[in-house]
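Residues in the sequence shown are numbered consecutively from 1, following our numbering. First up is the structure itself, then whatever we jot down about it.
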Amino acid sequence: MAQPIIGRERETAALRHAIRDVAGGGSAFVIDGEAGIGKSSLVADVLQYANSLGVRTITTTGTLAEAAEPYAALHMLLYPLRAGITNLPAPQRRALDVAFGVVTGVQPSPLLAGLAALTLLSDAAAERPLLVVAEDLHWMDASSEWALRMMARRVGEDPVVILMTTRNSDMVETPGVRRLHLGPLDESAADELLDGISGAPTGPARRDLVLRAEGNPLALHELGRSAATADRTRDRPVVGRVEQEFAARYAELDQSVRLAILAVALSGGTSPEEAARVAARAIGRFPMPTWTEQASASSLLEWMPPRAIRFRHPLVQSAVLLAASPSERAAVLRSLVLEHQDDPARTIWWRAELATGHDDALADEIAALGEGRTAMSDTFVASRAYERAAELTSDVVNRVERRIVAAELAGLSGRTSEASLLVQRARDEAPDRLRAARAAWIAETLPTGRTGLAVGDLGPALHAVSEMQAAGAVEHATDALLHLAALAWDHTAQADPGDPMLVVVEALALPEDDPRSLLLAARTEPVARGDRVRELALAAAPTAHDEASAWLLGYALNLVGEIDTARVLLDRALASMGSRGELRTFPQALMGTSMTTYLAGDVARARVLAEQAASLGRDLGDAGFSAAARCALAWFDALEGEHPDAERIAGGTAAGAQVLRSSAMRATLLGATGLAHLLSGRAADALGPLRRLFDPDDDAFNPSFAVLTSHDYVDAALESGNRADAEQRLVDLERLHARWHAPMVRAAVDYARTALLPDDALEATWATLQHERWPIPYVQARALLRLGRRLRRLHRSTTARAVLHAALDLFEAMPARTWAERTRDAIRATGERVPMTGQHSIERLTPQELRVCTLAARGLSNRAIGEHLFVSPRTVGAHLYAAFQKLGVSTRQQLPSVLGPQAAAATADQLATD
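Listed below in structure tokens is the structure:
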């Protein structure tokens with residue numbers, strides 16, 4: 001076995017430990033450090049160690065040549081596992097087939113491709129533990145890098161180790177991925193390294209070399225080759241010194257050899273014969289037949305069997321590109337274009353670089369490339385194409401149009417800085433009102449932290465939409481406004497974000513029954529137009545089978561307080577978005593569906609959806625959305641009595657803190673705080689935060705959340721001796737219900753009325769209530785718990801037990817464990833003996849375990865469950881194993897009876913929407 005790498009004993013031990021224990025569970029690492037610091041040496045050691053233990057290894061590397069090719073690195077990684085692609089679920093199989101060019105179609109999102117790759121890795125690892133190595137993330141195509149990072153966060157239950165390397169040392173820490181930063185070697189390690197190098201200097205020359213190398217292993221190897229190196233590199237940073245050393249060796253070669261090497265650098269890889277032809281075409285003579293040996297002797301190139309050449313280190317390629325003169329670069333590019341003149345697709349970027357001034361024909365060709373890449377969802381290459389096409393376009397209207405498209409696509413591909421520059425140039429040159437408005441809209445929606453939306457001000461975005469509408473671009477304006485409606489909930493501090501949008505919506509003059517119109521009406525006037533929106537949306541719901549209609553109608557119904565139909569439609573839209581790996585609306589859909597699912601009584605699934613949203617926020621690198629998802633989780637934590645921690649929820653980021661200042665998030669935290677106080681026995685403390693939600697003069701005023709937390713406020717008022725406050729809240733709710741007949745409002749009214757009943761009406765109320773199904777089961781269960789407690793205090797124990805058992809059934813089905821235990825305590829107070837744990841210990845399951853068991857009870861395989869939950873089949877198996885231990889069962893066939901009728905009903909609802 002090879003000895004650990006000098007100076008990297010700690011990192012070597014950590015990686016070998018992960019490989020040695022891989023059978024017990026997976027792990028992920030990212031090694032970062034400057035060029036030449038030893039990342040590749042550490043990887044080579046790990047690969048050798050893995051092979052010695054029989055662990056299968058697959059590798060990929062990011063390259064400059066393929067940085068613009070979507071899924072190039074992922075294709076290289078998964079190629080050895082390609083036989084397993086045919087066994088993947090159909091959506092995942094098609095995703096990889098399209099991504100890898102096996103079939104034509106729209107490029108899959110990194111979310112879907114990553115999930116497919118994760119399943120493929122899990123399948124392969126089931127046969128033999130797996131080490132996955134992905135080097136040079138900094139040069140990897142964006143789609144592959146996104147998919148790899150997504151997989152790295154999800155291999156904890158699989159016998160898979162993922163190891164990534166990058167030069168980017170300023171990256172954000174990723175949960176589930178351990179970072180190993182490689183710093184400079186200390187003097188002792190540098191000396192030890194030099195001792196193993198033949199001809200290394202000694203004495204004062206060695207001390208000088210160690211100082212100049214600054215602990216960089218590659219520098220220690222390369223800077224000692226020439227005494228002249230000391231003078232020409234002493235004042236440069238260490239990586240620059242190594243790069244300049246390579247450049248100096250390059251400059252010492254004959255020009256024909258230099259041009260052949262430059263051809264290799266510019267083409268991204270070519271054969272020795274082709275490189276020689278390119279050089280000959282550039283200067284009129286071939287390099288010597290031994291040119292590759294000369295390049296190899298200078299440590300610039302190395303041979304790869306059988307007849308391929310490559311750069312010895314990535315710094316060589318960058319050194320060559322920096323050292324080549326503009327005239328040499330242009331000559332080689334022209335020669336490459338002639339060499340591949342029958343392949344215009346390959347030469348298009350070379351021709352684009354050679355072009356000077358305007359060239360409309362070439363601009364049209366590059367724009368067509370951008371259009372094709374857009375159709376394939378390859379936003380990175382598409383944005384680059386439109387950007388270069390704009391530079392070559394002479395007509396100002398077309399130029400600005402292409403620049404706007406480039407900016408929008410750059411934003412979608414995560415290149416925010418580039419998008420900001422592009423959109424500013426478009427605004428400066430905009431020839432008309434429409435394009436100025438479109439550029440302003442894109443600028444406002446970029447996550448730069450310097451926009452109105454970033455500080456909760458919808459004004460600039462709405463002005464841009466108004467300008468689009470005024471310029472006659474109704475479809476552009478409508479799409480923009482729908483996007484704004486979807487994200488306004490966590491981007492504005494206003495209690496009703498619809499108010500400033502109303503004028504813009506009315507100006508669009510959309511048909512009243514258009515699903516887009518219904519969503520905008522629900523966002524702008526949920527009370528005044530809520531009943532009409534419900535009527536039209538419910539009428540359209542039976543035919544809303546496509547994703548867009550299901551999303552628009554479901555979200556509209558969600559906003560106006562409809563629950564059951566909203567859940568069916570949102571589940572349908574969510575399933576479609578998930579199968580496509582859609583990323584623009586999917587995060588918002590997860591959050592909206594989570595709240596609707598909670599209202600419908602499935603707290604476990606609601607929490608799982610919020611956890612998926614939080615995970616997706618991490619995948620997307622969106623600190624603001626991640627904070628919003630954690631805020632939703634805090635709402636569910638409050639059901640168990642846990643107080644929200646705003647600082648933790650914000651995640652220590654400015655974006656997270658800003659999101660928590662939005663009206664919906666502030667209301668969520670106040671509602672969670674009030675409930676946590678109530679469960680802690682501090683009813684008087686709960687009144688303050690809950691009252692703020694329905695006080696129009698308070699900056700936390702939020703009508704929707706005021707309705708959703710009314711039962712908590714009524715309980716807090718009654719339990720703190722403030723009955724008059726509870727009675728006034730009922731009056732306010734009844735006035736609201738007279739104008740807004742939403743099921744959500746009706747449930748709030750019914751709760752307050754039940755809580756305020758006189759003692760002599762309690763049994764009659766139970767006689768009616770036991771046959772009713774409220775639209776919000778949680779609120780109904782709370783009403784039954786209060787009713788049962790009051791009956792017990794009146795010594796009507798038999799009726800009280802019946803009422804309390806009805807409440808317990810509802811709480812256990814959700815599950816709401818703390819409330820279920822409180823209900824059991826109330827039953828025990830009637831004199832009935834109740835076990836300390838609930839039926840089959842269901843409440844011991846985590847939300848994810850309960851969700852997995854529910855899907856397994858439907859008959860879904862581990863693989864199908866993994867598709868639903870965006871985890872690997874192995875992770876599903878781990879959840880089932882843990883759940884079986886807690887439930888005391890041994891087969892999936894036992895799950896339906898253990899989970900009970902409520903779970904079966906939820907299963908039926910899911911089947912109807914999948």
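Backbone N, C-alpha and C fix where the C-beta goes; we use that ideal spot for every residue, glycine too. Computed from a predicted structure; not experimentally measured.
Of all the options the options, which has the alpha carbon lying nearest to the alpha carbon of residue i?
| i | options | result |
| --- | --- | --- |
| residue 921 | 831, 371, 428, 62 | Given that the chain is displayed from residue 1 to residue 914, the structure contains no residue 921 and the question cannot be resolved. |
| residue 108 | 899, 578, 875 | 578 |
| residue 312 | 897, 319, 318, 301 | 301 |
| residue 290 | 256, 323, 316, 304 | 256 |
| residue 63 | 786, 145, 5 | 145 |
| residue 643 | 674, 622, 627 | 674 |
| residue 524 | 482, 749, 125 | 482 |
| residue 915 | 320, 32, 119, 85 | In the structure as shown, the chain starts at 1 and stops at 914, and residue 915 therefore has no counterpart that could be examined. |
| residue 345 | 661, 329, 372 | 372 |
| residue 791 | 754, 388, 174 | 754 |
| residue 613 | 54, 265, 601, 594 | 594 |
| residue 242 | 330, 158, 320 | 320 |
| residue 916 | 218, 168, 616, 25 | Any question about residue 916 goes unanswered here, given that the chain covers just 1 to 914. |
| residue 154 | 174, 190, 731 | 174 |
| residue 188 | 206, 339, 178 | 206 |
| residue 31 | 793, 515, 168 | 168 |
Using a Cβ-Cβ cut-off of 7 angstroms (strictly less than) and excluding sequence neighbours within five positions of residue i, which residues of its own chain qualify?
| i | result |
| --- | --- |
| residue 788 | 800, 803, 804, 807, 826 |
| residue 369 | 348, 385 |
| residue 623 | 651, 653, 655, 656 |
| residue 14 | 180 |
| residue 19 | 46, 49, 50, 53, 55, 131, 161 |
Looking at residue i: is its Cβ nearer than 9 angstroms to the Cβ of residue j?
| i | j | result |
| --- | --- | --- |
| residue 915 | residue 632 | The first residue shown for the chain is 1 and the last is 914, placing residue 915 beyond what the model contains. |
| residue 920 | residue 570 | Because the chain in this structure spans residues 1 to 914, residue 920 falls outside the shown range and cannot be described. |
| residue 510 | residue 520 | yes |
| residue 74 | residue 99 | yes |
| residue 518 | residue 504 | no |
| residue 147 | residue 124 | no |
| residue 752 | residue 710 | yes |
| residue 132 | residue 162 | yes |
| residue 875 | residue 21 | no |
| residue 47 | residue 59 | yes |
| residue 887 | residue 856 | no |
| residue 413 | residue 358 | no |
| residue 220 | residue 260 | no |
| residue 958 | residue 143 | Outside the shown range of the chain (1 to 914) lies residue 958, about which nothing can therefore be said. |
| residue 640 | residue 816 | yes |
| residue 423 | residue 404 | yes |
| residue 599 | residue 563 | yes |
Would you list the one or two residues that DSSP bridges to residue i?
| i | result |
| --- | --- |
| residue 135 | 61 |
| residue 31 | 165, 180 |
| residue 527 | Answer is none; residue 527 lacks a bridge partner. |
| residue 160 | 130 |
| residue 56 | 130 |
| residue 308 | 304 |
Using a Cβ-Cβ cut-off of 8 angstroms (strictly less than) and excluding sequence neighbours within five positions of residue i, which residues of its own chain qualify?
| i | result |
| --- | --- |
| residue 527 | 703, 736, 739, 740 |
| residue 183 | 33, 37, 215 |
| residue 911 | Only weak support exists for where residue 911 lies, its pLDDT of 40 falling under 50; the coordinates are left without a value. |
Kindly give me the distance between the Cβ atoms of residue i and residue j, rounded to whole angstroms, as I take these residues to be in contact under 8 angstroms.
| i | j | result |
| --- | --- | --- |
| residue 426 | residue 407 | 6 angstroms |
| residue 185 | residue 7 | 4 angstroms |
| residue 433 | residue 475 | About 16 angstroms separates the two Cβ atoms, so there is no contact after all. |
| residue 339 | residue 274 | 7 angstroms |
Between residue i and chain C, is the shortest Cβ-Cβ distance under 9 angstroms, so that the two count as touching?
| i | result |
| --- | --- |
| residue 645 | The chain inventory of the structure shown lacks chain C, comprising one protein chain alone. |
Once you ignore the five residues that flank residue i on each side, which residues in its own chain have a CB closer than 6 angstroms to its CB?
| i | result |
| --- | --- |
| residue 781 | 807, 810, 811 |
| residue 233 | Summary for residue 233: the model assigns pLDDT 46, below 50, so the residue's position carries little reliability, and this model does not support an answer. |
| residue 683 | 716, 719, 720 |
| residue 304 | 310 |
| residue 122 | 158, 872, 873, 874 |
| residue 785 | 807, 823 |
| residue 67 | 139, 141 |
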